[in-house]
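Notes follow the structure.
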């Protein structure tokens, strides 16, 4: 008879991790900086629950992420519940119910954890994913789109994230072009996959009369002026032209407010925008292969215009420079409490001894302290 060895108590399910010092502290402090910037622009914080009834959490915009939700049964009501895979649908619910009578535009911010069945972002294996973001509910205008982008840019600047760029797209533009081609369902799917892969040869093979236009737009992705010029030059039907003009107007509105921002445009990007209805944006930074955040325009509760942007703090703080940690000061047993308080007010961290030690300097070094308090002074540890 064989027995499986006991599992280590440190073993966690795939996709879940313990966040340890100093990473946990850095993420918490960084999130508060984000929320402070959001609050400075009038975005008021809400905190929806981690768990909701399935039939309210995963309807409307939440239906797009239903396949990523863990589900369980409420033992009291016998109703199915779900762990939130995304916070944005919860904000939409709050806006449509609890804050239905609040003045518009309604500006809300949030921060919290989500749980997904599989990795929520391509190439990532996390299943517990932090989110922090803003939602601007009510107006449907390029100026509103620009506010969301520029507030997000200010938050990134406050964190010191280098080489930030905002990649804008209009995910409805390509489908509106393809809709007029009269393709079968199978041919449409094949063409959409070719566009997703940026495969110009396959697009030429399957796109028929729209091939030249789609190939031109594929090659136009890049710096915003270049991409918008290609859109202006393209022969677009009325619906696609309207989407193109809105994208152009939103880029111009961003530049009026924050002319220094690096903006790129991908006219044919549509993947991952499951419930979005207008201009969308993805945030990147130099030296990082991860998306730092994404967002865009959607319908709140299926009937009210809204736009927002959600950061992934885990990716964000991997891209941001680490902030210097405050000096740690070892307080020998019996150190005056008023002196200790003054040290903390000065921005240092105190680590108090819980019993007398004959060699306080050695104890301070063992506890990663840079200073030891003695006779009202701070002595550096060699």
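Numbering (our numbering), first residue to last: 30 to 411. Beta carbons: idealized from backbone N, C-alpha and C, even for Gly.
For residue 386, no alpha helix (DSSP H) encloses it, and the DSSP letter there is neither H nor E. Within the same chain, 205 come within 7 Å of residue 268 by CB-CB distance, once the 5 residues on both sides are set aside. Per DSSP, residue 140 lies in no alpha helix (DSSP H); the unbroken beta strand (DSSP E) holding it starts and ends at 135–144. In the three-state scheme derived from DSSP, where H, G and I count as helix and E and B as strand, residue 38 is classed as coil.
Sixteen is the threshold: when 16 or more other Cβ atoms of the shown chains lie within 10 Å of the Cβ of residue 273, as they do, the residue is buried. By the criterion of at least three beta-carbon pairs nearer than 8 Å, the region 250–265 is not in contact with the region 157–177. When the alpha-carbon of residue 364 is set against those of 407, 305, 266, the nearest one is in 407. Note on residue 172: under 16 other CB atoms within 10 angstroms of its CB, so exposed under the neighbour-count rule. In the DSSP assignment, residue 81 falls within the unbroken beta strand (DSSP E) covering 80–82. The alpha-carbon of residue 352 is positioned some 21 Å away from that of residue 320. Note: residue 163 is bridge-paired with 138, 338 in the DSSP secondary-structure output. Under the three-state reduction of DSSP output, residue 71 falls in the coil class, being neither helix nor strand. Taking a contact as a CB-CB distance under 8 Å, the pair residue 98 and residue 114 counts as one, their CB atoms being some 5 Å apart. DSSP lists no bridge partner for residue 113.
Membership of residue 359 in the beta strand (DSSP E) is indicated by the continuous run 357–360. Residue 158 sits in a strand when the DSSP states are folded into three classes. Around the Cβ of residue 293, a 10 Å sphere holds 16 or more other Cβ atoms; the residue is buried.
In chain order, 70, 71, 72, 73, 163, 164, 165, 166 place their CB closer than 8 Å to the CB of residue 136, counting only its own chain and leaving out the 5 sequence neighbours on each side. With contacts defined by Cβ atoms closer than 9 Å, residue 355 and residue 403 do not form a contacting pair. Secondary structure of residue 272 (DSSP, three-state): helix. CA-to-CA, the gap between residue 278 and residue 195 works out to about 15 Å.
Taking C-beta atoms as the reference points, residue 198 and residue 310 count as a pair closer than 9 Å.
The three-state secondary structure of residue 91, taken from DSSP, is helix.
As the crow flies, the alpha-carbon of residue 378 is around 24 Å from that of residue 347. Where residue 194 is concerned, the enclosing beta strand (DSSP E) starts and stops at 193–198.
The DSSP-derived three-state label of residue 329 is strand. Measuring C-alpha to C-alpha distances from residue 61 to each of 140, 389, 398 identifies 140 as the nearest. Here DSSP, grouped into helix, strand and coil, assigns residue 49 to coil.
Contact between the region 386–406 and the region 218–237 is absent: fewer than three C-beta pairs spanning the two stretches fall below 8 Å. Counting every other CB atom within 10 Å of its CB across the protein chains shown gives residue 213 a total below 16, marking it as exposed. The beta carbon of residue 94 sits closer than 6 Å to those of 114, 115, all from its chain and outside the five residues before and after it, given in chain order. The alpha carbon of residue 101 has as its nearest neighbour, out of 80, 282, 189, 181, the alpha carbon of 80. Annotated three-state conformation of residue 77 is coil, per DSSP. Within a 10 Å sphere around the beta-carbon of residue 384 sit fewer than 16 other beta-carbons, which makes this residue exposed.
DSSP lists 403 as the bridge partner or partners of residue 406. In the assembly as shown, residue 53 is an exposed residue. Its beta-carbon has fewer than 16 other beta-carbons within 10 Å.
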